[in-house]
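As structure tokens, the structure follows; a few thoughts come after it.
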Amino acid sequence: MDNNKRYVYADNAATTKTDPEVFEAMVPWLTEAYGNPSSQHTIGREAAAAVADARERIAGILGCKPREIYFTASGSESDNWAIKGAAHANVKKGKHIISTEFEHHAVLHALESLEREGFEVTYLSPDRDGQISPADLEAAIREDTILVAIMFANNEIGSVLPVKELAEVAHARKITFFTDAVQAVGNIPVNVAELGVDMLAFSGHKIHAPKGIGVLYCKTATRCFNLIDGGGQENGRRGGTENVPYIVGLARALELAVERLSDSAAIAAKRDRLAAGISKIPYTFINGGMEHRLPGNLNMGFEFIEGESLLLWLDMYGIAASTGSACSSASLEPSHVLLSIGVPAEKAHGSLRLTISHDTTDEDIDYILEVIPVVVEKLRAMSPLYKG
Amino acid sequence: MDNNKRYVYADNAATTKTDPEVFEAMVPWLTEAYGNPSSQHTIGREAAAAVADARERIAGILGCKPREIYFTASGSESDNWAIKGAAHANVKKGKHIISTEFEHHAVLHALESLEREGFEVTYLSPDRDGQISPADLEAAIREDTILVAIMFANNEIGSVLPVKELAEVAHARKITFFTDAVQAVGNIPVNVAELGVDMLAFSGHKIHAPKGIGVLYCKTATRCFNLIDGGGQENGRRGGTENVPYIVGLARALELAVERLSDSAAIAAKRDRLAAGISKIPYTFINGGMEHRLPGNLNMGFEFIEGESLLLWLDMYGIAASTGSACSSASLEPSHVLLSIGVPAEKAHGSLRLTISHDTTDEDIDYILEVIPVVVEKLRAMSPLYKG
Amino acid sequence: MLYSEKVMDHFTNPRNVGEIENADGVGEVGNARCGDIMKVFLKIENGIITDAKFKTFGCGAAIATSSMATEMIKGKTVEEALGLTNKAVVEALDGLPPVKLHCSVLAEEAVKTALADYYDRNGIEHNIDVNCDGCCESCARH
Amino acid sequence: MLYSEKVMDHFTNPRNVGEIENADGVGEVGNARCGDIMKVFLKIENGIITDAKFKTFGCGAAIATSSMATEMIKGKTVEEALGLTNKAVVEALDGLPPVKLHCSVLAEEAVKTALADYYDRNGIEHNIDVNCDGCCESCARH
Ligand SMILES: Cc1ncc(COP(=O)(O)O)c(C=O)c1O
Ligand SMILES: Cc1ncc(COP(=O)(O)O)c(C=O)c1O
Chain A
1 MDNNKRYVYA DNAATTKTDP EVFEAMVPWL TEAYGNPSSQ HTIGREAAAA VADARERIAG
61 ILGCKPREIY FTASGSESDN WAIKGAAHAN VKKGKHIIST EFEHHAVLHA LESLEREGFE
121 VTYLSPDRDG QISPADLEAA IREDTILVAI MFANNEIGSV LPVKELAEVA HARKITFFTD
181 AVQAVGNIPV NVAELGVDML AFSGHKIHAP KGIGVLYCKT ATRCFNLIDG GGQENGRRGG
241 TENVPYIVGL ARALELAVER LSDSAAIAAK RDRLAAGISK IPYTFINGGM EHRLPGNLNM
301 GFEFIEGESL LLWLDMYGIA ASTGSACSSA SLEPSHVLLS IGVPAEKAHG SLRLTISHDT
361 TDEDIDYILE VIPVVVEKLR AMSPLYKG
Chain B
389 MDNNKRYVYA DNAATTKTDP EVFEAMVPWL TEAYGNPSSQ HTIGREAAAA VADARERIAG
449 ILGCKPREIY FTASGSESDN WAIKGAAHAN VKKGKHIIST EFEHHAVLHA LESLEREGFE
509 VTYLSPDRDG QISPADLEAA IREDTILVAI MFANNEIGSV LPVKELAEVA HARKITFFTD
569 AVQAVGNIPV NVAELGVDML AFSGHKIHAP KGIGVLYCKT ATRCFNLIDG GGQENGRRGG
629 TENVPYIVGL ARALELAVER LSDSAAIAAK RDRLAAGISK IPYTFINGGM EHRLPGNLNM
689 GFEFIEGESL LLWLDMYGIA ASTGSACSSA SLEPSHVLLS IGVPAEKAHG SLRLTISHDT
749 TDEDIDYILE VIPVVVEKLR AMSPLYKG
Chain C
777 MLYSEKVMDH FTNPRNVGEI ENADGVGEVG NARCGDIMKV FLKIENGIIT DAKFKTFGCG
837 AAIATSSMAT EMIKGKTVEE ALGLTNKAVV EALDGLPPVK LHCSVLAEEA VKTALADYYD
897 RNGIEHNIDV NCDGCCESCA RH
Chain D
919 MLYSEKVMDH FTNPRNVGEI ENADGVGEVG NARCGDIMKV FLKIENGIIT DAKFKTFGCG
979 AAIATSSMAT EMIKGKTVEE ALGLTNKAVV EALDGLPPVK LHCSVLAEEA VKTALADYYD
1039 RNGIEHNIDV NCDGCCESCA RH
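In order, the protein sequence lines correspond to chains A, B, C and D. Numbered as in the numbering used here, the first sequence ends at 388 without a single skipped number. Numbered as in the numbering used here, the second sequence ends at 776 without a single skipped number. Numbered as in the numbering used here, the third sequence ends at 918 without a single skipped number. Numbered as in the numbering used here, the fourth sequence ends at 1060 without a single skipped number.
So, in structure tokens, the structure goes:
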């Protein structure tokens, strides 16, 4: 087994490769078609038309009106906008928000900033599988609850939550429901009308568009203040000259992702083969449940070893992955997601997330399965915790 | 004179053409080098290194530390972050802010949102030339003033303000000074250390980088809350996976802009020729003063006609420009900038902004000077206000 | 914002530009402060509009709607012309961007003002009611 | 975060991995909860460290600092080894990313704990003071 014989990118939950078709769609807007959509002249109007067209196509896919689609610069911006904007717009009704312990940091830290302002947040605990039950949500609702923010699919363990049911619980009490769908959109079918959510966030770079473009879906009549005030862009609700190239790219990426939803079963089958193969190594376990899970997500725990050193070795073998180990985070805390589903800290440090995509081949899977036992054994051999 | 014989883009204050060199610099990051800078593996680390390198180069040009440069998605985001963030972080000291009447809407609307929260804002009036005097600022400062937000250069009339002197006035009273330098950076020398400002915003798409990337310079120890909370990106102060391609592009664009500062005199000379030529048409006037003015900016008033119809005709002749007419804005109000410097509404409607760049040729100027009298006459002939 | 081809045609080749000397009815609406002025001149013989001309200060839509409105009333009876709605002008132009609908209102009102002037000159009672002062605050219709 | 070539070399080819049977001093610091455990084994003859080995559970920096620290004390006297600082280990590795400095502290403390154990076994008085429990809250130095 030689190093770097193959390059396998198995970190698609972190970011994805920009699809060549998406790149091609963007090139004109990055070169000759540089007009500002707010301008009155021809190249400005062409840019405006391109943005309008992208908005329509995205709205068509998500099942909403074009005016309900707002372009942002990231999933994080969409999360912050929805949460802070809805909280501030509804403050007369109350100051209580319900979310979960295992949201992305964009959601958690936005909520923390609201807590510093005097809002109160109840964080629901997921179960071992990474699920949040509608009954728990129901029980947490108070008279002064103004917002529920629960993610659609978790970024570390890939659990897919019952968003439709959760939104129904919130709506029965007339509470705005927001879902961070950054990991869901493009990986599983997402139709906002069917789901009945009021606001939904997603991000381009998780679906083979570039980093730096996101969307907030915001249903007509949903009360939400602006995060970025400015000119009349995005119907006066998000200032800033539009990122025309990435908006065009995002629409193409979403179309491609939706076309590729038919690959889901094949992706899940590859993922399952990966899980089965790795599980043959002793002292390994799967983090999160397998039933309601994103097709490309696998999160494995390896006892006695630490995730960052595992990543480094995999990287030397040309395999890109990620870990919930503390050592990989600036905070030096292990993954709050793994802790929230009950994985003890010592085991969370030995976690490995492999997230595959439509372009992951069977040979890639073979290669990962060939490399992992070797590097795990190497690290265990030098671990004071491993008794052989 | 035939339509569309030539295409002259004279709307560089609205947005600029992405420089081919900037595009080239971005291509790898839009294709194969798609790593997430937060990832532990090789392509992630390469992306992180590219971002760090861009940050260093930009800091070097602006005269600050790399850690003081924060990447955002637009000038508008930078404006909102600085203003809302500094206001909220200093609220214990007071709730009074000083700005000007002719800021960009990103600043004005951010301030309005603070006013709705209970902040108080004093808007200084510019003089006819578009200048704000340090004495006026001094006079407006109160015990509870926490922030001064004054633009570096105006986007419509190109007036360049005495930011260094204004910042000194604020600092003498220990007040944070923010400047929106979106129109200044890349067009005139900007060194934050020399200027002594605490925060400064600029935007990529005004300096031949794409739309959707901006910077907030925030001096160490300046109190400013986050606008977008999230992961550890931007030193924990701005969540969202980094827009690696545009960050790389921005650094290159800024370098090119700074190299081209030596073209300033030549650009100003072309602009002056344009002004002289247009001024030969009767009933025209220049908006704003000519002394402290961005080299590429010209803003002319034409009596008896309305700006949008002028733009449409110019566009048919292949000339891209802009106007402060109400008809070009969704708000149906004429330019607040022109009104602020004392141009009456009826004259503001007939304004035309021509903003040229390093790539504007003498032939372009000739062409504009050939076309404008023709279309002005055409429109005047059908105006009920024009007596011939 | 995109104008239809029809709008661009009427903007670049406006029909009926000019004034009519000794017109039988003249109407001017709008004001320069708000960015649009339309002045309509009518020649009316035996209750029939035999000629219509306009002068307009305003945006592309203002010019195009003036052109179209004058075109639409030529050859019509005064009563028919009074039935001209801004909606009909907009339709004839294959639509206008939403922020430009007020221009069509202005055109309708300019025609009506000219017709009111005709009635007034001829001592004919009428209840033509023109509200538009050219500034959008005065109008909820745009 | 980027590791130096030296760090990567000591990570991929760690020196002195293993245990020493009948070691004269053994020290273990850190804990699994916080993600790093280092165990150092010393063979000491006549006050000189003749062999040093380690086992480490931890990240790349933890493994590399363990490797480097054991390498640096081999052949040294106990007193010299007591002078080993985390800074020296970091320098020998051509630096560590800021968030990884705590690993070098851990390595220093592991060596000191093993030396304290040696003194204790031999009834020698000492004032070696080890504070690191492997969790960053206990330490202000990282
Ligand atoms: C002075 C000024 N400030 C802020 C902005 C907003 O920049 P952006 O379009 O990048 O949000 C602009 C340009 O539109 C500007 O000219
Ligand atoms: C669930 C979830 N929410 C939000 C984000 C933030 O998205 P972005 O990086 O576009 O800000 C991510 C990814 O990083 C995510 O996985």
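Beta carbons: idealized from backbone N, C-alpha and C, even for Gly. Since this is a predicted model, take the numbers as computed values, not measurements.
Check	Outcome
On a CA-only basis, which of H105(A), N12(A) and A276(A) is nearest I356(A)? Give me that one, please.	N12(A)
Show which residues of chain B have a CB atom less than 8 Å away from the CB atom of T361(A).	By Cβ distance, chain B contributes nothing, its closest Cβ being about 18 Å from T361(A), past 8 Å.
Quick one: residues with CB closer than 5 Å to any heavy atom of ligand 2, in chain order, please.	S74(A), G75(A), S76(A), H104(A), A106(A), N155(A), D180(A), V182(A), Q183(A), S203(A), G628(B) and T629(B)
Less than 8 Å separating the Cβ of D467(B) from some heavy atom of ligand 1?	yes
Using CA atoms only, rank isn't needed, just tell me which of D366(A), H105(A), I98(A) and S133(A) is closest to V121(A).	I98(A)
Below 8 Å on C-beta distance, what does S697(B) contact in chain C?	F787, G834, C835, G836, A838 and I839
Does the separation of the CB atoms of P514(B) and S728(B) fall below 9 Å?	yes
Going along chain D, which residues have a C-beta under 7 Å from L312(A)?	F929 and G978
If you reduce the DSSP assignment to three classes, tell me which class A158(A) lands in.	Correcting the residue identity first, residue 158(A) is Gly in this sequence and not Ala. G158(A) falls in the coil class under three-state DSSP.
By DSSP, does I457(B) sit in helix, in strand, or in coil?	strand
Would you list the residues sitting across from R293(A) in a DSSP beta bridge?	S159(A)
Looking at D703(B): is its Cβ nearer than 9 Å to the Cβ of T241(A)?	no
Is any heavy atom in ligand 1 found nearer than 8 Å to the beta carbon of H559(B)?	no
Should L594(B) be counted as a contact of ligand 1 given a C-beta to heavy atom distance under 8 Å?	Going by the sequence as given, residue 594(B) is Lys instead of Leu. Yes, the Cβ of K594(B) comes within 8 Å of a heavy atom of ligand 1.
Can you tell me whether I267(A) is buried or exposed, with buried defined as 16 or more other CB within 10 angstroms of its CB?	buried
I'd like to know whether the C-beta of N862(C) is nearer than 9 Å to at least one C-beta of chain B.	no
If you run the structure through DSSP and keep just helix, strand and coil, what is M956(D)?	strand
Under 9 Å, CB to CB, which of the residues in the stretch 671-695 of chain B have a partner in chain C?	F692, I693, E694 and G695
If contacts are defined as beta-carbon pairs under 8 Å, then A569(B) and V557(B) qualify, I think. What distance do you get, rounded to the angstrom?	Actually they do not touch by this definition, with Cβ atoms about 18 Å apart.
With a cut-off of 9 Å, does the C-beta of A733(B) fall near any C-beta of chain C?	yes
If we require 4 or more residues per run, which alpha helix (DSSP H) segments fall completely within the stretch 611-679 of chain B?	621-624, 632-647 and 652-667
Could you check whether E500(B) and V79(A) sit closer than 9 Å to each other, using their CB atoms as the reference points?	In the sequence as presented, Val is not what sits at residue 79(A); that position holds Asp. No, the pair does not count as a contact, with Cβ atoms beyond the cut-off.
So G296(A) and R271(A) are in contact, right, with Cβ under 8 Å, and what is the actual spacing, rounded?	6 Å
By a C-beta neighbour count over all protein chains shown, 10 Å radius and 16 as the cutoff for buried, is V762(B) buried or exposed?	exposed
Using a C-beta cutoff of 9 Å, does I726(B) count as contacting chain C?	The amino acid at residue 726(B) is misidentified as Ile; the sequence shows Leu. No, no contact with chain C.
Of all Cβ atoms in chain B, is any one closer than 9 Å to the Cβ of C908(C)?	no
Between the alpha carbons of H786(C) and G794(C), how many angstroms are there, rounded?	14 Å
Using a Cβ cut-off of 9 Å (strictly closer), state whether R791(C) contacts chain B.	no
Using the C-alpha atoms, what's the distance from G811(C) back to S721(B)?	For the record, residue 721(B) in the displayed sequence is Glu; it is not Ser. Whole-angstrom Cα-Cα distance: 9 Å.
Going along the chain, which residues of its own chain have a beta-carbon closer than 7 Å to the beta-carbon of I475(B), five neighbours each way excluded?	The sequence shown places Ala at residue 475(B), not Ile. So the list reads I485, L502, F507, I534 and L535, once near-sequence residues are dropped.
What is the residue span of the alpha helix (DSSP H) that E1027(D) lies within?	L1019 to R1039
If we define contact as Cβ-Cβ less than 9 Å, is A326(A) a contact residue for chain D?	yes
Who are the Cβ neighbours of V396(B) in its own chain at under 8 Å, not counting the five residues just before and after it?	G706, I707, A708, T748, D752, Y755 and I756
Going straight from the alpha carbon of E409(B) to that of L649(B), what length do you get?	17 Å
Enumerate in chain order the residues of its own chain whose CB-to-CB distance from F673(B) is below 6 Å, with the five nearest sequence positions on each side excluded.	G689
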